[in-house]
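Below is one structure, written out as structure tokens; the observations come after it.
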Amino acid sequence: MSVSSESTTGAGTASAPPAPAPQAPGRHRMTVVLPADLHARPAGRVATAAPRFASTVRLAYEGRTAAATSVLALMALGATAGGTVELTAEGPDAPQAAAALAGILAAAE
């Protein structure tokens, strides 16, 4: 299993002072090397977990993307064992959403 992550926020540059107003939603990316094909069971688990978060999560595989909330779209990615899937979450709980869904993918059987 291999998982890596990268997180950014829309809060401006390092030289600018932080804005007192609410920050723009964060973005968090993770990559997962699949231990098994992304078939109906793991796709269903991802699609069931994704709506629990306020963030929007998309998965990408070999140039194709899919919303994490759609079982059929996830299966249509055609992601296979050993392939690398990139998750991108955008929203207030992006790191938590990406980590939770990456965990589901990393545990796929």
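Residues 391 to 499 in our numbering are what the sequence shown lists, from first letter to last.
Cβ coordinates follow ideal geometry from the N, Cα and C atoms, glycine included.
This structure is a prediction, so every number in the text was calculated from the model and none was measured.
Under the three-state reduction of DSSP output, Thr474 falls in the strand class. DSSP places Ala469 in no alpha helix (DSSP H); its state is neither H nor E. At least 8 angstroms separates the beta-carbon of Thr421 from that of Ala437.
With fewer than 16 other CB atoms across the displayed protein chains lying within 10 angstroms of its CB, Pro441 is exposed. Bounds of the alpha helix (DSSP H) holding Gly434 are Ala430 to Ala439. At a Cβ-Cβ threshold of 8 angstroms, Leu424 and Gly493 do not count as neighbours. Nearest in C-alpha terms to Glu499, of all of Arg417, Arg431 and His418, is Arg431.
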